[in-house]
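Asker: Numbering (this note's numbering), first residue to last: 4 to 211.
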C-alpha cells in the first residue's frame with residue numbers, strides 16, 4: 004500500500020513538473036543578447052516618452068559587470084548605445100541591456116545561462132551565478148549597491164523577481180520579469196526613478 008501511494012505521489016509530482024516547464028515556461032539554456040531587438044525596444048520606449056533618439060555605435064564598456072546581483076542580470080560590454088535627449092535641453096545618456104542600470108545594450112562576456120526546475124531559477128554568466136527559490140522564500144545577495152533580498156514566483160508564464168536593495172540612501176525596490184516572446188527570451192526590468200515615475204526597459208535574448 005505504501006509503495007502504491009509513493010508511486011502515485013511521484014507520478015503526480017512528475018506531471019506537475021512537466022506542466023510547470025511547459026506552457027512557455029521552459030527557457031532554460033544558454034542565451035546571448037539580441038542587439039537588434041533590444042535596441043528597437045529601447046528606441047520605442049524613448050520615443051514613446053517624447054525623447055529624441057540618437058543611435059551610435061561604440062566599443063566601450065557597458066552595464067554592470069558579471070551577471071550576479073539583485074536583478075539576475077548579465078554584464079555589459081561594447082555595442083550600440085541609444086542616447087535620449089529630452090525637450091528640456093538636458094541630454095541623458097541611457098544605458099541598458101546589461102546589468103542593473105540604464106539602457107545601453109551590450110553583449111555580455113559570455114552566454115547567459117539559465118537553469119530552471121520546479122524549485123529554483125538560476126542565472127549566471129561565466130562563474131557568477133545567482134539562484135532564486137520559487138517557493139516564495141527570500142534569497143539574499145550582496146551587491147555593490149548593498150544587500151538585496153529577492154522573492155521569485157510565477158505569474159502565469161512570467162517569472163517575477165521582486166527585489167529590495169538596502170542602499171546607503173535607503174531601500175530601493177525593483178521588479179524583473181523573465182518570459183518568452185516568440186523565440187526570444189525577454190528580461191523586463193521595472194524600477195521607479197527619484198520623481199516616482201516608472202521606468203521599464205527590456206532586454207531581448209536569443210539562443211546561443
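We treat Cβ as the ideally placed atom computed from N, Cα and C, and that holds for glycine.
#1: Among residues of its own chain, excluding the 5 on either side of residue 203, which ones have a beta-carbon nearer than 6 Å to its beta-carbon?
#2: Let me know the secondary structure DSSP gives residue 193 once reduced to three states.
#3: Below 8 Å between beta carbons: does that hold for residue 182 and residue 161?
#4: Rounded to whole angstroms, how far is the Cβ of residue 139 from the Cβ of residue 154, which I believe are closer than 8 Å?
#5: From the DSSP output, which residues share a beta bridge with residue 53?
#6: Suppose the cutoff is 7 Å on Cβ atoms and the five residues either side in sequence are ignored; what does the same chain contact list for residue 40 look like?
#7: Return the CA-CA distance between residue 150 and residue 211, expressed in angstroms with no decimal places.
#8: Counting only the same chain and skipping the five closest in sequence on each side, list residues whose C-beta sits under 6 Å from that of residue 165.
#9: Using the C-alpha atoms, what's the distance from residue 53 back to residue 156?
#10: Give a yes or no on whether the C-beta atoms belonging to residue 117 and residue 123 are separated by under 8 Å.
#11: Report back the beta-carbon spacing between residue 143 and residue 167 to the nearest angstrom; my notes put them in contact at under 8 Å.
Answerer: Answer, in terms of the structure:
#1: Correct list, in chain order: 193.
#2: Residue 193: strand per DSSP, three-state reduction.
#3: In contact: residue 182 and residue 161 (Cβ atoms closer than 8 Å).
#4: Correct: roughly 6 Å between the Cβ atoms.
#5: According to DSSP, which records beta bridges pairwise, residue 53 is partnered with nothing at all.
#6: 187, 207.
#7: Each residue's Cα considered, the two are about 31 Å apart.
#8: Here the set comprises 154, 178.
#9: Rounded to the nearest angstrom, the two C-alpha atoms are 34 Å apart.
#10: The answer is no: Cβ separation not under 8 Å.
#11: In fact, because the Cβ distance is near 10 Å, the residues do not count as touching under 8 Å.
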